[in-house]
Amino acid sequence: MGISCSGDCFVDYYVSRETLNEGFCMNCDFLVIGSGIAGLSYALKCAELGEVVVVTKKKDVDTATNLAQGGIAAVLEENDSVTSHVEDTLLSGAGLCDEAVVRMVVEGGPDRVQDLIDLGVAFVRDKGNSSGYSLGREGGHSHRRVVHAYDLTGREIERALLDRVRGHDRIRLLEEHVVVDLLLVQGKVEGWGAFNDKKCVGAYVMAGSGVVEPYMAKITALCCGGVGKVYLYTTNPDIATGDGVAMAFRAGAEVQNMEFVQFHPTCLYHSEEKNFLISEAVRGEGGVLVGADGIPFMAKYDDRKDLATRDTVARAIDKELKETGEDCVFLDITHREAEYLKDRFPTIYKRCLNRGIDITKDKIPVVPAAHYMCGGVKTDKYGRSSVPGLLVLGETACTGLHGGNRLASNSLLEAVVFADSAAKYCSKVWSELQNQNNLSADKWVSGDARKLSEEILINHNWDSIRRVMWNYVGIVRSTERLALAKKRMEFIYAEIDLHYREYTVTPNMVELRNISLVALLIIQSAMYRKESRGLHYMMDYPDQSSSLVQTVFRKSDSKNTWELEMLEGGNRWGSN
Ligand code: SIN
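In our numbering, the protein residues as written are 5 to 580.
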């Protein structure tokens with residue numbers, strides 16, 4: 005047996021119970037795991053209450069936020085309305101959104117955008133609009149409502165938030181710190197509901213040295229981004245290995261709607277470019293999808309043509325590619341003036357030009373790629389998971405906003421609205437939290453773990469997972485493909501699990517263990533949904549079922565298996 009912890013904490017594999025209180029133990033009020041928009045926004049607000057530690061597994065800017073091109077959807081113009089943004093979100097979500105959550109997020113949008121502006125985010129201005137800001141349009145939106153910083157919106161937001169966080173005397177930002185697992189103890193958190201008998205009190209964190217140490221906190225927030233790396237082709241950065249979902253699931257949290265993986269229709273198709281997105285804003289500004297023959301095809305699939313929602317557009321491209329046998333389709337925006345395109349899409353223009361594609365003259369070769377996980381750890385309106393003491397924010401969470409298909413540019417919005425409501429919850433219970441005694445932490449014990457001498461074992465499993473998921477659990481699915489995927493993934497998962505127990509834990513192994521669990525959760529959820537809805541399309545169940553169900557998994561007590569529950573929408577824990 006490789007790893008263990010001792011004393012009162014619970015992790016997956018657990019050998020001795022000797023108390024080892026000597027050695028390093030980080031103690032803070034708020035532990036934040038992840039340094040994207042959700043984590044940093046929440047950290048800044050919680051720093052008004054107490055000491056915050058933010059851990060991030062790579063560098064602070066290695067986040068999905070940093071790559072976000074589009075912007076933040078919010079009702080800012082006089083001719084727009086909350087009702088319209090709510091309706092667009094519900095329509096995109098294919099019946100599975102939680103309407104109260106949608107309303108809460110849309111109503112909170114203008115104030116949270118103002119928060120970002122106050123923090124120094126420079127959104128592009130336009131005096132011609134009543135809001136004073138330039139507003140982009142994206143698929144599924146009936147109005148122009150996306151505030152942006154050209155096609156560098158995420159980078160600008162990340163820059164502004166990091167500027168504040170780095171200089172803050174109550175926030176410690178620790179780079180290259182990999183979280184291995186959450187720390188659980190028997191107990192409750194006041195007002196959280198008695199859903200679980202164990203509460204989260206921090207995490208085991210591996211620093212650059214490879215040593216794993218306990219980081220204790222009154223409240224822990226998982227803001228680890230998404231799961232894109234589970235697929236061979238993705239627009240996500242390398243950090244998107246599903247760490248948050250996997251750790252929360254292992255800790256006993258409910259995980260919801262994992263079958264709803266959003267494939268972005270337009271990722272640049274080029275042998276030297278791994279994950280470069282061509283923003284949906286390009287279609288918002290008139291870009292048209294055409295085949296190799298130059299003929300537009302979206303009118304065949306949807307009246308909204310190129311501005312249909314992403315599920316429809318990605319499936320249409322998939323069908324065109326399968327029918328024509330071509331490797332990619334093309335996005336044509338050459339009819340817009342060259343100077344306008346260079347100004348509005350500076351990053352896309354330069355990156356494509358580096359690859360010999362002048363977007364002012366050439367059609368851009370594109371393919372769909374995994375982009376966003378609409379499911380995740382189930383939370384309530386404060387971002388509380390079903391594990392007391394554990395908040396989950398941003399893409400890691402399933403709040404009820406996105407339903408079966410996220411509306412474009414609603415994700416940064418969700419991150420800031422939930423970061424705010426989570427911080428408000430912390431503020432509300434702060435006096436009780438302060439009275440909570442700091443728990444003693446137990447040392448991580450490596451037992452008789454050996455060093456894995458052949459990294460090839462890890463790399464091979466990475467490759468297998470990503471190919472199985474791409475080929476069998478992609479845009480179009482079937483019962484047969486899913487069954488094959490499950491069989492293969494169970495085998496791979498068992499092998500990885502064995503390695504995790506027997507060998508010294510490394511960052512690569514932590515990520516592989518997490519992504520293999522996430523792959524199984526996606527497959528299992530997809531098998532359960534015997535209908536086609538939103539992003540989940542099953543060839544043998546092409547129609548929507550008449551009943552609306554959310555797919556919810558929770559780990560069962562027996563190791564390495566999980567229970568499946570079907571719940572009506574809504575949250576079942578926490579009342580205040
Ligand atoms: C894009 O710019 O197309 C991505 C925006 C989003 O995913 O919401």
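Heads up, the beta-carbon is just placed ideally off N, CA and C, and yes, glycines get one too.
beta-carbon residue i near the ligand SIN non-hydrogen atom, thresh 6 Å
{"i": "Ser96", "result": "no"}
{"i": "Gly290", "result": "no"}
{"i": "Glu399", "result": "no"}
{"i": "Ser413", "result": "yes"}
{"i": "Gly588", "result": "No statement about residue 588 is possible, as the shown extent of the chain runs from 5 to 580 and does not include it."}
{"i": "Ser138", "result": "no"}
{"i": "Ser560", "result": "no"}
{"i": "Ser283", "result": "yes"}
Residue range of the unbroken alpha helix (DSSP H) whose run includes residue i
{"i": "Val117", "result": "Glu103 to Asp122"}
{"i": "His464", "result": "Ile460 to Tyr476"}
{"i": "Pro511", "result": "Pro511 to Tyr532"}
{"i": "Lys49", "result": "Ile41 to Cys50"}
{"i": "Thr69", "result": "Ala68 to Leu71"}
{"i": "Met251", "result": "Asp247 to Arg254"}
{"i": "Ile175", "result": "Taken as a continuous stretch (DSSP letters only), Ile175 belongs to no alpha helix (DSSP H), being part of the beta strand (DSSP E) at Ile175 to Leu178."}
{"i": "Leu552", "result": "Run containing Leu552: none; DSSP gives neither H nor E here."}
7 Å CB neighbourhood of residue i in its chain, flanking five on each side removed
{"i": "Trp466", "result": "Leu516"}
{"i": "Pro300", "result": "Val292, Leu293 and Val294"}
{"i": "Ala427", "result": "Tyr46, Lys49 and Cys50"}
{"i": "Asp64", "result": "Ser39, Leu166, Leu177 and Glu179"}
{"i": "Leu486", "result": "Tyr476, Val477, Ile527, Ala530 and Met531"}
{"i": "Asn133", "result": "Glu81 and Leu139"}
{"i": "Tyr602", "result": "This structure cannot speak to residue 602, because the chain is shown only from 5 to 580."}
{"i": "Tyr235", "result": "Ala374, Arg470, Met473 and Trp474"}
Start and end residues, beta strand (DSSP E) containing residue i
{"i": "Met373", "result": "The residue asked about is misnamed: residue 373 is Ala in this sequence, not Met. First-last of the beta strand (DSSP E) with Ala373: Ile368 to Met377."}
{"i": "Glu217", "result": "Val216 to Leu226"}
{"i": "Tyr208", "result": "Lys202 to Met210"}
{"i": "Leu311", "result": "No beta strand (DSSP E) holds Leu311; DSSP gives it neither H nor E."}
Proximity winner among the options, relative to residue i (alpha-carbon distances)
{"i": "Arg308", "options": "Val370, Asp167, Glu142 and Ile223", "result": "Glu142"}
{"i": "Asp84", "options": "Leu71, Thr224, Val150 and Leu100", "result": "Val150"}
{"i": "Phe495", "options": "Thr508, Leu416, Ser520 and Gly408", "result": "Ser520"}
{"i": "Glu160", "options": "Ile121, Gln190 and Tyr376", "result": "Ile121"}
{"i": "Trp434", "options": "Gly54, Pro269, Ser482 and Tyr235", "result": "Gly54"}
{"i": "Val611", "options": "Phe280, Gln266, Ala342 and Lys367", "result": "As shown, the chain starts at 5 and ends at 580. That puts residue 611 outside it, with no answer to give."}
{"i": "Tyr237", "options": "Leu525, Val477, Lys534 and Glu506", "result": "Val477"}
{"i": "Ser413", "options": "Cys378, Asp384, Ser425 and Ser390", "result": "Cys378"}
{"i": "Asp247", "options": "Glu258, Tyr235 and Gly230", "result": "Gly230"}
{"i": "Glu327", "options": "Ala296, Cys204, Asp310 and Cys356", "result": "Ala296"}
{"i": "Gly232", "options": "Asp102, Ala244, Glu341 and Glu103", "result": "Ala244"}
{"i": "Lys559", "options": "His172, Tyr137, Asn200 and Glu111", "result": "Asn200"}
{"i": "Val216", "options": "Leu186, Gln190 and Met262", "result": "Leu186"}
{"i": "Ala4", "options": "Ile352, Phe127, Gln440 and Gln554", "result": "What the structure shows of the chain is the stretch from 5 to 580, and residue 4 is not part of that stretch, so it cannot be assessed."}
{"i": "Arg1", "options": "Cys430, Glu284, Gly387 and Lys534", "result": "There is simply no residue 1 to check, as the chain begins at 5 and stops at 580 in what is shown."}
Where residue i sits in the DSSP three-state scheme
{"i": "Asn133", "result": "coil"}
{"i": "Asn31", "result": "strand"}
{"i": "Ala78", "result": "coil"}
{"i": "Asp347", "result": "helix"}
{"i": "Met493", "result": "helix"}
{"i": "Met262", "result": "coil"}
{"i": "Arg170", "result": "helix"}
{"i": "Asp336", "result": "strand"}
{"i": "Thr270", "result": "strand"}
{"i": "Ile282", "result": "coil"}
{"i": "Trp434", "result": "helix"}
{"i": "Val19", "result": "Any reading at Val19 must be qualified, since the residue scores a pLDDT of 27, below 50, and its modelled position is unreliable; no value is offered."}
{"i": "Met302", "result": "helix"}
{"i": "Gly288", "result": "helix"}
{"i": "His540", "result": "strand"}
{"i": "Ile361", "result": "coil"}
Any non-hydrogen atom of the ligand NAD closer than 6 Å to residue i Cβ
{"i": "Glu277", "result": "The ligand NAD is absent from the structure shown, which contains only the ligand SIN."}
6 Å Cβ shell around residue i - same chain, five flanking residues per side excluded
{"i": "Tyr219", "result": "Met30, Leu35, Gly206, Ala207 and Val209"}
{"i": "Ala42", "result": "Cys227, Leu397, Gly398, Ala419 and Ala423"}
{"i": "Leu272", "result": "Phe280 and Ile282"}
{"i": "Lys323", "result": "none"}
{"i": "Val514", "result": "Val182 and Val184"}
Nonlocal neighbours in the same chain, by C-beta distance under 8 Å from residue i, ignoring five residues either side
{"i": "Arg481", "result": "Ala530, His540, Tyr541, Met542 and Met543"}
{"i": "Thr338", "result": "Ile363, Thr364, Lys365, Asp366 and Lys367"}
{"i": "Asn70", "result": "Gly40, Gly158, Arg159, Glu162 and Pro241"}
Residue i at chain D interface by Cβ criterion, 7 Å
{"i": "Gly136", "result": "Absent here is chain D; the protein component of the structure consists of one chain."}
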